[in-house]
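The first sequence begins at 2 in the numbering used here and counts up one residue at a time. Every residue, glycine too, gets a C-beta built ideally from N, C-alpha and C. Note that the structure is predicted; figures quoted are calculated from it, not measured. Only one structure is covered here, and it is reproduced in the block below.
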Amino acid sequence: MLKQILEKEIEKAVKKVSAGKVDFAIFRDEKFADYSSNAAMQIGAGVPRENAEKIKATLSASKNFNKYFSKVEIAGPGFLNFWVKEEEFVKNVGSVLKAKNKYGSNKTLAKKKIIVEFTDPNPFKEFHIGHLMSNSIGEFIARAMEFSGAQVKRACYQGDVGTHVAKAVTTLLAWKDKFNTVLKKGNLSEQVSLMSLAYAQGNKQYEESDLGKKMITEVNKKIYTKSKDIADIYKGGREISLKYFEEIYGILGMNPQKGNKPSSAKASAGKHFDFYFFESETGKHGKTIVEKFLKKGVFAKSEGAIVFPEEKSGLHTRVFINSENLPTYEAKELGLAEIKYKKYKYNTSIVVTGNEINEYFKVLLRAMEFVFPKLAKNTKHLSHGMLRLPTGKMSSRTGEVITAVGMLEDIEKIILEKVSGRDLKEKEKLKISKQVALAAVKYSILKQSIGKDIIFDLDKSVSFEGDSGPYIQYTYVRTQSILRNAKESKIKELANFNKIEGVNISHVEKLLQQFPEVVEMAAEKYAPNLVCSYLVELCHAFNAYYAENKIVSNDAIGKYRIALSRAVGQVLKNGLELLGIPAPDKM
RNA sequence: GCCCUUGUAGUUCAAUGGAUAGAAUAGGACCCUUCUAAGGUCUAGAUCUAGGUUCGAUUCCUAGCGGGGGCACCA
Numbered sequence: 002m003l004k005q006i007l008e009k010e011i012e013k014a015v016k017k018v019s020a021g022k023v024d025f026a027i028f029r030d031e032k033f034a035d036y037s038s039n040a041a042m043q044i045g046a047g048v049p050r051e052n053a054e055k056i057k058a059t060l061s062a063s064k065n066f067n068k069y070f071s072k073v074e075i076a077g078p079g080f081l082n083f084w085v086k087e088e089e090f091v092k093n094v095g096s097v098l099k100a101k102n103k104y105g106s107n108k109t110l111a112k113k114k115i116i117v118e119f120t121d122p123n124p125f126k127e128f129h130i131g132h133l134m135s136n137s138i139g140e141f142i143a144r145a146m147e148f149s150g151a152q153v154k155r156a157c158y159q160g161d162v163g164t165h166v167a168k169a170v171t172t173l174l175a176w177k178d179k180f181n182t183v184l185k186k187g188n189l190s191e192q193v194s195l196m197s198l199a200y201a202q203g204n205k206q207y208e209e210s211d212l213g214k215k216m217i218t219e220v221n222k223k224i225y226t227k228s229k230d231i232a233d234i235y236k237g238g239r240e241i242s243l244k245y246f247e248e249i250y251g252i253l254g255m256n257p258q259k260g261n262k263p264s265s266a267k268a269s270a271g272k273h274f275d276f277y278f279f280e281s282e283t284g285k286h287g288k289t290i291v292e293k294f295l296k297k298g299v300f301a302k303s304e305g306a307i308v309f310p311e312e313k314s315g316l317h318t319r320v321f322i323n324s325e326n327l328p329t330y331e332a333k334e335l336g337l338a339e340i341k342y343k344k345y346k347y348n349t350s351i352v353v354t355g356n357e358i359n360e361y362f363k364v365l366l367r368a369m370e371f372v373f374p375k376l377a378k379n380t381k382h383l384s385h386g387m388l389r390l391p392t393g394k395m396s397s398r399t400g401e402v403i404t405a406v407g408m409l410e411d412i413e414k415i416i417l418e419k420v421s422g423r424d425l426k427e428k429e430k431l432k433i434s435k436q437v438a439l440a441a442v443k444y445s446i447l448k449q450s451i452g453k454d455i456i457f458d459l460d461k462s463v464s465f466e467g468d469s470g471p472y473i474q475y476t477y478v479r480t481q482s483i484l485r486n487a488k489e490s491k492i493k494e495l496a497n498f499n500k501i502e503g504v505n506i507s508h509v510e511k512l513l514q515q516f517p518e519v520v521e522m523a524a525e526k527y528a529p530n531l532v533c534s535y536l537v538e539l540c541h542a543f544n545a546y547y548a549e550n551k552i553v554s555n556d557a558i559g560k561y562r563i564a565l566s567r568a569v570g571q572v573l574k575n576g577l578e579l580l581g582i583p584a585p586d587k588m
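Set out below in structure tokens:
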């Protein structure tokens, strides 16, 4: 990459000016140049502009520098501005077409084994738009790591035991007949909605009456001990949820994983993750671990529970095993860390969750430092913000939730309306509306830096214009349409990019050259928003180019423009692929 | 009360300590007998307050004010 070449050249030049280590940056701002650097100003000694002059002189004399760059200038307080030779941009168009779906990938994480845990929906509860957020972000992280050469495994961790399950099961016990009927005769969505009703009802009971709370606590114990009283209901409900989740992963565009192994015999045959972990197993293992380390003094007994005390964490005391002798989230997570490692000897374990558990996770990692120091070091907690409604936080406890499927369906209807006039088959229209809806939703999640809350206004947030997923899809469609036209007109596109004359390098070519750098930074910083804003910028540049120039024409420049369109299409497709957004050929 | 996090155009979001703070929407003015107007062109509009570090601060530090989350047996 040009950036790396430039970096080395500057490094060499700086050494001639300063003996000490200089920490400089290379950045891009098209207002000024193709690349810029602050190297001269980062040198502690001397006058910045004089240092810049010296660096410039060295670079100008470098053969390797002159091979790729046409010019270096000094500006402002001492910035070095660099211009890339125009022919490099043309050559790069050829590189895009040659590399195809590999363009932009790199090897920075080659041979690294990474496990990414995300989505983590709980059986017996709804799959709401918050899970959609975790899924979109997690899938991006996984794909970005893969694009950087890592061997990635996807993991999904599901809470199939615990109070929340007991709440639903307690209600379902009371509704036994109704539940059995729906279980036998109802379709999946009826089954699921009955369960979420049961959960909301159970939750109400738990909060409003002591008797209800007591009942649910009893049922909770029965779930842990696998009592026969609840076995059928529990098993039935669990299966429904897991089946439903798999259906959603398919809708969200996750690819089935090859050779995946459910981590326990009880697991249903999920296909979309490599590993499925369940609290029923991590709880058991976690409890054993905590008990073992209680003896070693890592944990302490307090008020009938086993806690990780504040003195050790430096944060605050957390319960790992409660006074009912059941493992809490923290103990389960401890168990999970080791179970994961046994399944897959990872170099890095990334856990994607909502940010409301940030504090717990910090305590957990401190505890893990005592228990599994190596794993603690290699675990990275990546938290995203909450998906909030303009009316406030949504709550599955009260039943005020927007489900992922419900929202996607609503948007699909709007899009179906939009494509109604197009000359397309009904089947195509349906497929396209699904693809565009997914793009609208996923993009609105991924376009901002993860970690911040998203205020999700259904009417406003999900946009089809401007800075949106559909805009990128539309531009991709435009490139494909151009290629179809060229084919119909029997115009052959350019194949040799080494000696093309009369091409005016536009913003489009420069952006194409930038893609690999963007991908690398997005992966390094876990920042899908960088890919998003890059893609929109590329779309904008290409659409402006398209408005100004006739693309399809049977002459040298036409042939070049067709090739350029194909390259733009390829990069858009690669970028969308990273974001987990489909790229339709027509819309 | 304590801890974490956040504060940028009317709104929703950008900006590895750099040059003139970018987009998108909403507003105003234009462009479909050139390849999909889900598009393009022009225009107006913003860094919570007070200090500090720095050649240079939206970015780092301190304090204050506002939003969000958390503060042992839910996850």
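Using DSSP's beta-bridge definition, name the partner residues of G355.
Numbered from its first residue, the first sequence carries residue 355 at position 354. DSSP lists H385 as partners of G355.
Identified DSSP bridge partners for E74
Working through the first sequence from its first residue, we reach residue 74 at position 73. In DSSP, E74 forms a bridge with N82.
Considering Cα atoms alone, identify which of I403, M216, G305 is closest to S194.
For the purposes of this step, residue 194 is taken as the residue at position 193 of the first sequence. Answer by Cα proximity: I403.
If the criterion is Cβ atoms closer than 8 Å, does the pair P529 and L580 meet it?
Taking the first residue of the first sequence as position 1, residue 529 is located at position 528. Taking the first residue of the first sequence as position 1, residue 580 is located at position 579. A contact, by the Cβ cut-off of 8 Å.
Checking 8 Å against the spacing of the C-beta atoms, do A338 and V320 come in under that value?
As a first step, residue 338 must be located in the first sequence, where it is residue number 337. As a first step, residue 320 must be located in the first sequence, where it is residue number 319. Not a contact, by the Cβ cut-off of 8 Å.
Where does D161 land, buried or exposed, given buried means 16+ other C-beta within 10 angstroms?
The residue labelled residue 161 in the question sits at position 160 within the first sequence. Buried.
How about K244 and L189: do their beta carbons lie closer than 8 Å?
Working through the first sequence from its first residue, we reach residue 244 at position 243. Working through the first sequence from its first residue, we reach residue 189 at position 188. Yes; because the gap between Cβ atoms is below 8 Å, this pair is in contact.
Taking only the alpha-carbon atoms, compute the straight-line gap between Y561 and Y347 and give it to the nearest angstrom.
In the first sequence, residue 561 corresponds to position 560, counting from 1. In the first sequence, residue 347 corresponds to position 346, counting from 1. In a straight line, the C-alpha of Y561 is about 46 Å away from that of Y347.
CB contact flag (I115, I415, <8 Å)
One-based indexing of the first sequence puts residue 115 at position 114. One-based indexing of the first sequence puts residue 415 at position 414. Cβ distance not < 8 Å, so I115 and I415 don't count as in contact.
Host beta strand (DSSP E) of F279 (start-end)
Locating residue 279 in the first sequence gives position 278, counting from the first residue. Counting along the chain, the beta strand (DSSP E) containing F279 begins and ends at 276-279.
Using 8 Å as the threshold, is the C-beta distance between P585 and V478 below it?
Position 584 of the first sequence, counted from the start, is the residue given in the question as residue 585. Position 477 of the first sequence, counted from the start, is the residue given in the question as residue 478. For P585 and V478, yes; Cβs fall inside 8 Å.
C-alpha gap between V18 and K500, whole angstroms
Here residue 18 refers to the residue found at position 17 when the first sequence is read from its first residue. Here residue 500 refers to the residue found at position 499 when the first sequence is read from its first residue. The straight-line gap from Cα to Cα measures roughly 38 Å.
So V372 and I290 are in contact, right, with Cβ under 8 Å, and what is the actual spacing, rounded?
As a first step, residue 372 must be located in the first sequence, where it is residue number 371. As a first step, residue 290 must be located in the first sequence, where it is residue number 289. About 6 Å; that satisfies the 8 Å criterion.
Report yes or no: do the region 50-65 and the region 7-15 share at least 3 C-beta pairs separated by less than 8 Å?
yes
Are the beta-carbon atoms of I217 and Q206 separated by less than 8 Å?
As a first step, residue 217 is located in the first sequence; it is residue number 216 there, counting from the start. As a first step, residue 206 is located in the first sequence; it is residue number 205 there, counting from the start. Yes, these two residues count as a Cβ contact at 8 Å.
Through-space distance from E280 to M196, alpha-carbon basis:
The residue labelled residue 196 in the question sits at position 195 within the first sequence. The residue labelled residue 280 in the question sits at position 279 within the first sequence. Each residue's alpha carbon lies about 19 Å from the other.
One question on the structure: do S507 and Y546 come within less than 8 Å of each other, judged by their Cβ atoms?
Within the first sequence, the letter at position 506 stands for residue 507. Within the first sequence, the letter at position 545 stands for residue 546. The answer is yes: Cβ separation under 8 Å.
Between which two residues does the beta strand (DSSP E) carrying V18 extend?
Locating residue 18 in the first sequence gives position 17, where the first residue counts as 1. That residue, V18, is in no beta strand (DSSP E); its alpha helix (DSSP H) goes 3-18.
Specify the secondary structure class of A306 as computed by DSSP and reduced to three states.
Here residue 306 corresponds to residue number 305 of the first sequence, with the count starting at 1. Looking at A306 - three-state DSSP - the assignment turns out to be strand.
Assuming I446 and I44 are in contact, meaning their beta carbons sit under 8 Å apart, how far apart are those beta carbons, in whole angstroms?
For the purposes of this step, residue 446 is identified with residue 445 of the first sequence, where counting begins at 1. For the purposes of this step, residue 44 is identified with residue 43 of the first sequence, where counting begins at 1. About 42 Å; that fails the 8 Å criterion.
So what does DSSP say about L218, is it helix, strand or coil?
Taking the first sequence and counting its residues from 1, the one referred to as residue 218 is at position 217. The residue you asked about is not Leu; residue 218 is Thr in the sequence shown. Of the three classes helix, strand and coil, the one that applies to T218 here is helix, per DSSP.
I'd like to check one pair, Y235 with K126: are the Cβ atoms closer than 8 Å?
As a position in the first sequence, residue 126 is number 125, starting the count at 1. As a position in the first sequence, residue 235 is number 234, starting the count at 1. No, the Cβ-Cβ distance between K126 and Y235 is not below 8 Å.
Would you mind sorting P78 into buried or exposed? The rule is 16 or more other CB atoms within 10 Å of its CB.
As a position in the first sequence, residue 78 is number 77, starting the count at 1. So P78 counts as exposed.
Closest Cα partner of S566 within the set L539, M588, I582
Along the first sequence, read from residue 1 onward, the residue named residue 566 stands at position 565. Ranking L539, M588, I582 by Cα distance to S566 puts L539 first.
Quick check on H385: buried or exposed, where buried means 16 or more other Cβ atoms within 10 Å of its Cβ?
In the first sequence, residue 385 corresponds to position 384, counting from 1. Per the 10 Å Cβ criterion, buried.
Could you pull the start and end residues of the alpha helix (DSSP H) that V553 belongs to?
Reading the first sequence from its first residue, position 552 is the one you call residue 553. Neither: V553 is in no alpha helix (DSSP H) and is coded neither H nor E.
Taking Cβ positions, are K442 and M408 nearer each other than 8 Å?
For this step, residue 442 is matched to residue 441 along the first sequence. For this step, residue 408 is matched to residue 407 along the first sequence. Looking at the sequence itself, residue 442 is Val, so the reference to Lys does not match. Cβ distance < 8 Å, so V442 and M408 count as in contact.
Kindly indicate which residue of L577, F83, E51, N39 has the alpha-carbon position closest to the one of F33.
Locating residue 33 in the first sequence gives position 32, counting from the first residue. Answer by Cα proximity: F83.
Apart from the five residues on each side of it in sequence, which residues of its chain come closer than 6 Å, Cβ to Cβ, to N107?
As a first step, residue 107 must be located in the first sequence, where it is residue number 106. Excluding positions up to five away in sequence, the list reads S149, E521.
State buried or exposed for N102, treating a residue as buried only when at least 16 other CB atoms are found within 10 Å of its CB.
Taking the first sequence and counting its residues from 1, one reaches residue 102 at position 101. Under this definition N102 is an exposed residue.
Strictly by DSSP, which residues pair up with I403?
The residue given as residue 403 occupies position 402 in the first sequence. In DSSP, I403 forms no bridge with anything.
Does the beta-carbon distance from K333 to T283 come in below 8 Å?
As a first step, residue 333 is located in the first sequence; it is residue number 332 there, counting from the start. As a first step, residue 283 is located in the first sequence; it is residue number 282 there, counting from the start. It is a contact, given that the beta carbons lie within the stated cut-off.
At what residues does the alpha helix (DSSP H) containing Y158 begin and finish?
In the first sequence, the residue the question calls residue 158 occupies position 157. Note, Y158: premise wrong, no alpha helix (DSSP H); beta strand (DSSP E) at 152-159.
Which whole-angstrom value is the C-beta distance of I456 and R389, which I expect to be below 8 Å?
Walking along the first sequence from the start, residue 456 turns up at place 455. Walking along the first sequence from the start, residue 389 turns up at place 388. Between R389 and I456 the Cβ distance is about 6 Å, and since that is below 8 Å, they are a contact.
Residues sharing a beta bridge with Y36, DSSP:
One-based indexing of the first sequence puts residue 36 at position 35. BP columns for Y36 point to F83.
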